[in-house]
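**Q**
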Amino acid sequence: MAAAAPVAHLTYQHRTLTPATITNARSEAFGWHCSAQGCPVRMDGYGDQRASRQDAADHERRLAVALFEPGTLVVPVGPGGSGKSRFAAMFPSDWVVCLDELRERVSGDAGDQSATPDAVALQDVLIPARLARGLTTVVDSTNVEARVRRGLVDQASRHRRPVAAVVFLTDLDTCEARNAQRPPGRRVPSTVLRRQHEQTLAAMPLLADEGFTDIRTVGGDRS
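By my numbering, the letter at position 103 of the sequence shown is numbered 189, and the numbering carries on one by one without gaps.
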């Protein structure tokens, strides 16, 4: 089973202090750079941080659309805090089906686990509707359980679409640190997070047999 890292053009913001020409004081200037290996793009000198962020987002999205074959169902696999949502955010927002957002639409609270069945029902309407139209779709949820992945592969197969797994091998300490920074209602219990991390590692040798046509990894020793 071949595994490769997607060339994700994730960008990072930076700021510098520059002399102000009129007041002789020092003021901030903003910029961004791309972290993708081999991508030289770096932009500096923005006076407005919002403009810097917008141009960085445009760079990410312009290159993200070429990561996968058109019409692919993209299935991130990883524990909470592993970077799945940051990855999904590179894509145009209408490409992304996010379980947290659907829970929020159903209940007003993205962390309300009692809303999960209704959120999944909405997900099961949106995904096949997009696949039927040949639209690339990114499923932003943990997808660490084999039965969940099997359902997604089945949907792609019914519509004769490619299905890609992107496995996030972020170390557990990093996931726990990011999880601790979330609002209380969005934090994953420690025991659940550890189980998700174990399930992610256990999934790696299973994905090809599950029917994924494209398997990639992010982070860990495989990236």
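The beta-carbon is built from N, C-alpha and C at its ideal position, and this holds for glycine as well.
1. Pairs of beta-carbons, one from the segment 132 to 148 and one from the segment 199 to 213, closer than 8 Å: are there three or more?
2. What do you reckon, are the CB atoms on I213 and T223 nearer than 8 Å?
3. H245 and L208: beta carbons closer than 8 Å?
4. Indicate whether the contact test is met: 3 or more Cβ pairs, each with one atom in the segment 164 to 172 and one in the segment 272 to 288, closer than 8 Å.
5. Can you give, in chain order, each stretch of the alpha helix (DSSP H) that sits fully within the segment 145 to 233 and has at least 4 residues?
6. If T97 sits next to W118, beta carbons under 8 Å apart, how far is it from one beta carbon to the other, in whole angstroms?
7. Given this structure, state the Cα-to-Cα distance separating D198 from L188, to the nearest angstrom.
8. Look at the Cβ atom of G305, then the Cβ atom of L221, and state whether they are nearer than 8 Å.
9. Are F173 and A250 closer than 8 Å when you measure CB to CB?
10. Contact defined as beta carbons within less than 8 Å: I believe H145 pairs with V127. What is the distance between those atoms, to the nearest angstrom?
11. Does the Cβ-Cβ distance between A374 and Q99 come in under 8 Å?
12. Mind checking who Q99 pairs with in its DSSP beta bridge?
13. Please report the straight-line C-alpha distance between V163 and A215, rounded to a whole angstrom.
**A** Per the coordinate set shown:
1. Flag = no, the segment 132 to 148 and the segment 199 to 213 do not touch.
2. Against a cut-off of 8 Å, the Cβ pair of T223 and I213 comes out as a contact.
3. Not a contact, by the Cβ cut-off of 8 Å.
4. Contact holds: three or more Cβ-Cβ distances are below 8 Å.
5. Those alpha helix (DSSP H) runs which fall completely within the segment 145 to 233 and span 4+ residues are 170 to 174, 185 to 193 and 202 to 218.
6. So it is a contact: roughly 5 Å between Cβ atoms.
7. Approximately 11 Å between the Cα atoms of the pair.
8. Not closer than 8 Å, so no.
9. Contact flag unset, no.
10. The Cβ separation is near 6 Å, so the contact holds.
11. Since the first and last residues shown for the chain are 87 and 309, residue 374 lies out of range.
12. DSSP output for Q99 lists W118 as bridge partner(s).
13. Roughly 22 Å separates the two Cα atoms.
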